[in-house]
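Encoded as structure tokens, the structure appears first; notes follow it.
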């Protein structure tokens, strides 16, 4: 008895006892769950198998990036869904970043009116549920935009209607390789020039207008290539045929609503992150930079932004991740993303809830774990070393 | 000599230079301080003009507040057709709860006000008495909403809906997720490897998957994990999932707070001979919680907004009621009006929550700056 009391009073052995106890509890709980699943499955006559992935899916997907028809397998449908998730995530992230950074900077400007407008924009968008915003935008596109026959046209080449957005599609013809070649040359030149000018500045202090020269090179060189090879790009302009447009790039109302809602919603959060990041830089840093004679634009570029970047990037990445996870709400408006294909129709058709949900969760989990691994790596790299 | 020259009162007090104060000065420094600033101001004015012009006309002047259908609305005027809201306001608030029993929900709403007041405002005069009420409130609310006891008619859960459902899920999620979140945060910081790894796995899993997949699990798969024959209500399952989900996020927020506490605090506690639980109770949590208030409230706001996700598993919260109204042939296509109304409800509640968190943060701020 006294031996047991002794074990309990010793910190080391007490910790081991506690851990074994916790481990036993968790192990018992998990085996209880597994036991329940197996007995439930037995009584229902079900088994666990992923064979359903290779049988034909039998349903249509209206938006796809790789070839797909309803005779393809469930696996291919899931990949189409995953790519659709990726598509809306990328579009949304681009929109959110542009809008968010602009709003964040406007909120820091000295203009009273613009600051107030930006403030209320942020408060309104981030305090309304994202699902509601998706449905609202979708409703506006479906119910308030005109029919294709009376579509709003932008210069007679792009059209807005309740069937979605149509923009001209570039058709690449023979000779496009030259344009590609010139682009590669331009980018290589820009990279080398950047390295060269940086070295030159470190050695001698001479500064070149790197940004402008590189910008010009990247624009002008491919344009020259385009004209030399005889203008190998033509535009396929959408035309009205019957009840809808044909040709061009089509952005379905669902994709448009989802991109817009996710972009605007996330932009509100990003603007706060950008603002907080810039405000977090000590005032003394700016004053010191100004007192050694830097122009305000240089103070921003050389002193404030490099420090703010360290604060901004981790929460920014997690906002991107949130946007990607929020894109799963696509199911509410019928956009065929991963959750709507594999976790929606495939689930209903095959009746394999367990397998499909495990797959969907595993995919999202691996995306977010790899992004947080990247974030940890970045945090360690930019961490202030000191004290 | 100079001293005499500038003696106070020897010169009249001059007004500040012209154009630096008053309306003109304010306008100049805040709206037109530079060329780009002036352009921004003009652009904002144009934007504001179109917004206000459109909003006032569509929202109020041309709007119809009572009609029998959308067609009738359009006959009366061209603006918003708020009739879809006014005709269904009962559903938006109570869902399909029977008309005769709605007074019970009203009492629950009023009770919520009195139960939350002492928790939210520490300086309330009769706080100690109200705290007793707060303790009993969940049971009272449960009996009132669910019925079946004390002669109250029992109400089916599938009749719940509207704002009432949002409040039920939101408040229960918030109340249950805070303790669980604190436990997970402590677990993640624990010295015991087993406890730490279990907490990490739970937190990372919950944060890694979209909430919607967890709700699918709750609605279609949770029964597989229970002993055969168990059947508990979908509402409870949903609340459990919301609690787990929010707790994982709260745990991370509180972990940030715990890590921000200087190491000297623990060393001092150890020097005083405090045990782990004493240190946690008197040193770690009071400081960590204070730091994490903004993050915790943000998580609560997120949870509250996420309650709308229950529409994908067929529960009818205000958004679900709105979606049903929009697809009704009588009101078909009035999505903007309906969703804006629901959006207003969420905006008011979430904005109030974030203002409260700002107030509390200032109140608890003990920095001497």
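Residue numbers (the numbering used here), protein chains in the order written: chain H, 1 to 387; chain P, 388 to 756.
Idealized CB from N, CA, C, for every residue including glycine.
Short CB-CB distance (under 7 Å) between residue 151 of chain H and chain P: With 7 Å as the cut-off, residue 151 of chain H does not count as an interface residue toward chain P.
Beta carbon proximity, residue 86 of chain H to chain P, threshold 7 Å: Not closer than 7 Å to any Cβ of chain P, the Cβ of residue 86 of chain H fails to qualify, so no.
Span of the beta strand (DSSP E) around residue 241 of chain H: Where residue 241 of chain H is concerned, the enclosing beta strand (DSSP E) starts and stops at 239 to 241.
Start and end residues, beta strand (DSSP E) containing residue 587 of chain P: In this chain, residue 587 of chain P is not harboured by any beta strand (DSSP E); it is covered by the alpha helix (DSSP H) spanning 580 to 595.
Bounding residues of the alpha helix (DSSP H) (the contiguous stretch that carries residue 409 of chain P): In this chain, the alpha helix (DSSP H) harbouring residue 409 of chain P covers 409 to 417.
Residue 749 of chain P in three-state terms, based on DSSP: Three-state DSSP puts residue 749 of chain P in a helix.
Interface flag, residue 730 of chain P vs chain H, CB-CB below 7 Å: By this cut-off, residue 730 of chain P is an interface position.
Spatial distance of residue 53 of chain H from residue 60 of chain H (CA atoms): Distance between the alpha carbons of residue 53 of chain H and residue 60 of chain H: 16 Å.
Residue 154 of chain H - containing beta strand (DSSP E), residue span: Where residue 154 of chain H is concerned, the enclosing beta strand (DSSP E) stretches over 152 to 154.
Chain-order list of residues whose beta-carbon lies under 6 Å from that of residue 163 of chain H (same chain, five-residue window excluded): Closer than 6 Å at the Cβ level, and outside the excluded window around residue 163 of chain H, lie 148, 244.
Nearest neighbour of residue 145 of chain H, chosen from H:165, H:355, H:87 [CA to CA]: For the options H:165, H:355, H:87, the alpha carbon positioned closest to that of residue 145 of chain H is the one of H:165.
Proximity below 7 Å, CB of residue 499 of chain P to CB of residue 704 of chain P: Judged by beta-carbon spacing, residue 704 of chain P lies beyond the 7 Å limit of residue 499 of chain P, meaning their Cβ atoms are not closer than that value.
Check whether residue 751 of chain P and residue 677 of chain P have beta carbons under 7 Å apart: Yes; because the gap between Cβ atoms is below 7 Å, this pair is in contact.
Short CB-CB distance (under 7 Å) between residue 373 of chain H and chain P: Judged by the 7 Å Cβ criterion, residue 373 of chain H is not in contact with chain P.
For residue 336 of chain H, the three-state DSSP class (helix, strand or coil): In this structure, residue 336 of chain H counts as coil in the three-state DSSP scheme.
Whole-angstrom C-beta distance between residue 721 of chain P and residue 801 of chain P, which should lie under 8 Å: For chain P, the structure presents residues 388 to 756; residue 801 of chain P sits outside this window and is missing.
Inter-residue spacing [alpha-carbon to alpha-carbon] between residue 235 of chain H and residue 207 of chain H: The C-alpha of residue 207 of chain H is placed about 41 Å away from the C-alpha of residue 235 of chain H.
Span of the beta strand (DSSP E), counted from its first residue to its last, around residue 543 of chain P: Here residue 543 of chain P belongs to no beta strand (DSSP E), and DSSP marks it neither H nor E.
CB contact check: residue 706 of chain P to chain H, cutoff 7 Å: Using a CB distance cut-off of 7 Å, residue 706 of chain P counts as an interface residue toward chain H.
Positions along the segment 721 to 748 of chain P whose CB lies within less than 9 Å of some CB in chain H: Within the segment 721 to 748 of chain P, the qualifying residues are 721, 722, 723, 725, 726, 727, 729, 730, 731, 733, 734, 735, 736, 737, 738, 740, 741.
Distance between residue 86 of chain H and residue 632 of chain P (C-alpha atoms, nearest Å): Residue 632 of chain P and residue 86 of chain H have their C-alpha atoms roughly 24 Å apart.
Contact between the segment 102 to 112 of chain H and the segment 350 to 359 of chain H (3+ Cβ pairs under 8 Å): Because the criterion of three Cβ pairs below 8 Å is not met, the segment 102 to 112 of chain H and the segment 350 to 359 of chain H do not touch.
Meets three-Cβ-pair contact criterion under 8 Å: the segment 638 to 646 of chain P and the segment 606 to 622 of chain P: No, the segment 638 to 646 of chain P is not in contact with the segment 606 to 622 of chain P.
Residues that residue 468 of chain P bridges to, as DSSP identifies them: Beta-bridge pairing by DSSP links residue 468 of chain P to P:451.
Cut-off 8 Å between Cβ atoms - residues of its own chain near residue 230 of chain H, not counting five sequence neighbours on either side: Closer than 8 Å at Cβ, skipping near neighbours: 175.
Option nearest residue 321 of chain H by Cα separation, candidates P:664, P:717, P:597, P:690: Between residue 321 of chain H and the set P:664, P:717, P:597, P:690, the nearest pair of CA atoms involves P:597.
Under 8 Å by beta carbon: chain H residues contacting residue 698 of chain P: Here the neighbours are 131, 332.
Coil, strand or helix - residue 231 of chain H by DSSP: Residue 231 of chain H: coil per DSSP, three-state reduction.
Residue 167 of chain H beta carbon less than 7 Å from that of residue 158 of chain H: Between residue 158 of chain H and residue 167 of chain H, the gap from beta carbon to beta carbon is short of 7 Å.
Buried/exposed call for residue 39 of chain H, threshold 16 Cβ in 10 Å: Of the residues assessed, residue 39 of chain H falls on the exposed side of the cut-off, its CB having fewer than 16 other CB atoms within 10 angstroms.
Cα-Cα separation, residue 626 of chain P to residue 559 of chain P: So the alpha carbons of these two residues sit roughly 7 Å apart.
Selected residue, minimal CA-CA separation from residue 323 of chain H, among H:308, H:169, H:265: The candidate whose alpha carbon is nearest that of residue 323 of chain H is H:265.
Three or more C-beta pairs below 8 Å linking the segment 427 to 436 of chain P and the segment 110 to 122 of chain H: With contact defined as three or more Cβ pairs closer than 8 Å, the segment 427 to 436 of chain P and the segment 110 to 122 of chain H are in contact.
Three CB pairs or more closer than 8 Å across the segment 737 to 752 of chain P and the segment 464 to 484 of chain P: Using a C-beta cut-off of 8 Å, the segment 737 to 752 of chain P makes no contact with the segment 464 to 484 of chain P, since fewer than three inter-stretch Cβ pairs fall below that distance.
Given 8 Å, three or more beta-carbon pairs between the segment 88 to 99 of chain H and the segment 257 to 264 of chain H: A contact exists between the segment 88 to 99 of chain H and the segment 257 to 264 of chain H.
Residue environment, residue 25 of chain H, which counts as buried when at least 16 other CB atoms sit within 10 Å: Exposed, since its Cβ has fewer than 16 Cβ neighbours within 10 Å.
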